[in-house]
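Numbering (our numbering), first residue to last: 29 to 367. Working notes, beginning with the structure itself.
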Amino acid sequence: MIKQASKFIPSITDNTEKLLEVKELKTYFFPSKDKEVKAVDNISFSINKGETVALVGESGSGKSVTSLSIMQLIPTPPGKILSGSIKLDGRELLSLSNKEMNKVRGKDIGMIFQEPTTSLDPVFTIGSQITESIRKHKKVSKKEAYENGVQLLKMVGFARAEEIMKEYPHQLSGGMRQRVMIAIAMSCEPKLLIADEPTTALDVTIQAQILDLLQEMKEHFNSSILLITHDMGVVAEVANRVLVMYGGQIVEEATVQEVFENPKHPYTVGLLNSIPDLDEDVERLEAIPGSVTPADQFPKGCRFASRCKFAMDICRQKTPELRQIKENHQARCFLHEGA
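Dropping the structure here:
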C-alpha cells in the first residue's frame, strides 16, 4: 500500500488546450571528444493551459536540463539540443534566434531558479531588478515600471513593498528573496512559469507559504506551471499531473491522484515509499538502493534495472518503451508489457 503524502490532491484541469508541447527532445553534453552525456534522451510531454505539471526525480535525472532546454539556456559548448521540438502556443521555439528567444524569456515564459541567493544580483536593489524585467518587455515609463514593481511585491506578500524596493538581496531572508524571484518571474504575466525546486533550502513553514503563493499567482495571471522537484509531498499539494523522470527519460506519466494511488513504475513506488507517514511509527524509511547512473555510463536495457528488485533478464537486454497502461497513465516498464 502506497502512502498518500497529502490531505489534498488537486483534480486534473478540465482545460485540455495545450500550451507547451515537447516532442522527442534530446539534449546531450560533450565535455570531451570521446564522452557523450545523455542528459535528456528523447522525452515527450505537454502542459495544458491552466495546468500545473510536476517533473519529479532524483538529482541527475535530467529535470533541470529539461527546463533549461525549454528556455534555451543550455551552455553551448559543451551542451547541445540535438533534436526534437518545443512548441509554446503552437510556436516552435527551437527555430527562433537568440534575439527572438530573449523576447520569449520573461514575457511568455517566466522562470524561478533553484537558489534565489545566486539568482539575484547582489549589487543592485530589488526595485532595479524588478523594473528592469518590466521595462524590457513592456512599453512603460520608469515611473510606471516602479509602480508595477511595488504592486507585485504587495501581491507576493510584502507589507512594506516600497521599502523593499530600495533594499538589496543580502538584506532579505531566503523566503523573502524567493518571493522577490516569484514577483520578477510573474512581472510580465507569462503564459508558462517554470519553477525549479522553488522551496529548496527553505524551512517547512516558508515552503508552504511559497507553494500557496505560486498557486495564487498562477490563478491571478491564468498561467500554467512546470514544477521541478524531488519532493513528492510538494507534488501532492500543487500538481494536476506528474512526470516521473529517471536517467534522462520519462518513466511514468499520470494524474497526481493516479500516481499516488496506483503507481506503476518501480522507481515511482520507491519515491513514494520514501515519504514519511505521520500515522505510522517507523524507525527507518524505505530507500531506493544505489544511485542514479551517470548520464555518460547508461547500461544497455532499462536504466533503472540495477536498482530494481523486479528486474528480469529482458530488462538488462532491451530498453522498455513508454507504454499506455490505462487512460492518462503511461509507464516505461516490462512488468506492464501486456497491459
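Beta carbons are placed, not taken as given, at the ideal position from N, Cα and C, and that holds for glycine. Note that the structure is predicted; figures quoted are calculated from it, not measured.
{"Asked": "Backbone CA spacing between Q243 and E172 [nearest angstrom]", "Found": "26 Å"}
{"Asked": "Whole-angstrom distance between L83 and V16, CA atom to CA atom", "Found": "What is shown of the chain runs 29 to 367, which leaves residue 16 out entirely."}
{"Asked": "Contact with chain B by G112, beta-carbon distance below 7 Å", "Found": "Structure shown: chain B not included; a single protein chain is present."}
{"Asked": "Range covered by the beta strand (DSSP E) that runs through R269", "Found": "269-274"}
{"Asked": "Beta-carbon proximity list for R335, same chain, < 7 Å, skipping 5 on both sides", "Found": "I316, P317, G318"}
{"Asked": "L230 beta carbon less than 7 Å from that of I17", "Found": "Residue numbering for the chain in the displayed model covers 29 to 367; residue 17 lies beyond these limits and cannot be assessed."}
{"Asked": "Burial state of H357 (16 or more Cβ within 10 Å)", "Found": "buried"}
{"Asked": "Length at least 4, wholly inside the stretch 280-359: the alpha helix (DSSP H) runs in chain order", "Found": "284-289, 294-301"}
{"Asked": "Option in S97, H293, E286, E289 with minimal Cα separation from E280", "Found": "H293"}
{"Asked": "DSSP state of T257 mapped onto helix, strand, coil", "Found": "strand"}
{"Asked": "Pick from P150, E143, H165 that is closest to K127, judged by C-alpha positions", "Found": "H165"}
{"Asked": "Candidates M99, E49, E225, of which the one nearest N76 by Cα", "Found": "E49"}
{"Asked": "Host beta strand (DSSP E) of I75 (start-end)", "Found": "63-76"}
{"Asked": "N- and C-terminal bounds of the beta strand (DSSP E) containing I102", "Found": "No beta strand (DSSP E) contains I102, which DSSP labels as neither H nor E."}
{"Asked": "Stretch pair the stretch 259-275 + the stretch 97-113: three plus CB contacts closer than 8 Å", "Found": "no"}
{"Asked": "DSSP state of N142 mapped onto helix, strand, coil", "Found": "The amino acid occupying residue 142 in the given sequence is Gln; Asn does not appear at that position. Q142: coil per DSSP, three-state reduction."}
{"Asked": "S123, buried or exposed, once every other Cβ within 10 Å from all chains shown has been counted against 16", "Found": "exposed"}
{"Asked": "Nonlocal neighbours in the same chain, by C-beta distance under 7 Å from K66, ignoring five residues either side", "Found": "Y56, G276, A323, F326"}
{"Asked": "Cutoff 6 Å; reference V81; Cβ partners in own chain excluding five residues on either side", "Found": "I75, L254, R269"}
{"Asked": "Where S161 sits in the DSSP three-state scheme", "Found": "helix"}
{"Asked": "Option in A264, V208, S251 with minimal Cα separation from D149", "Found": "V208"}
{"Asked": "Buried or exposed by the 16-neighbour rule on C-beta atoms within 10 Å, applied to F186", "Found": "buried"}
{"Asked": "P291 and V297 closer than 7 Å at C-beta", "Found": "yes"}
{"Asked": "Own chain partners of K35 with C-beta closer than 7 Å, once the 5 adjacent residues on each side are dropped", "Found": "Bear in mind that a pLDDT of 36 at K35, under 50, signals an unreliable position, so the model cannot answer this."}
{"Asked": "Cβ-Cβ distance between I212 and S156 below 7 Å", "Found": "no"}
{"Asked": "Pick from F249, S251, P218, E265 that is closest to I238, judged by C-alpha positions", "Found": "E265"}
{"Asked": "Residue closest to E370, alpha-carbon to alpha-carbon, out of A267, L313, S87", "Found": "Past the edges of the chain, shown from 29 to 367, lies residue 370, and the structure says nothing about it."}
{"Asked": "Cutoff 6 Å; reference T94; Cβ partners in own chain excluding five residues on either side", "Found": "V68"}
{"Asked": "Same chain only: Cβ atoms within 8 Å of H364, ignoring 5 sequence neighbours per side", "Found": "K292, R351, I353"}
{"Asked": "Counterpart residues of F57 in DSSP-defined beta bridges", "Found": "V65, G107"}
{"Asked": "For E64 and E143, the rounded distance between their alpha carbons", "Found": "28 Å"}
{"Asked": "Three-state class that DSSP yields for L200 in the structure shown", "Found": "coil"}
{"Asked": "Burial state of V151 (16 or more Cβ within 10 Å)", "Found": "exposed"}
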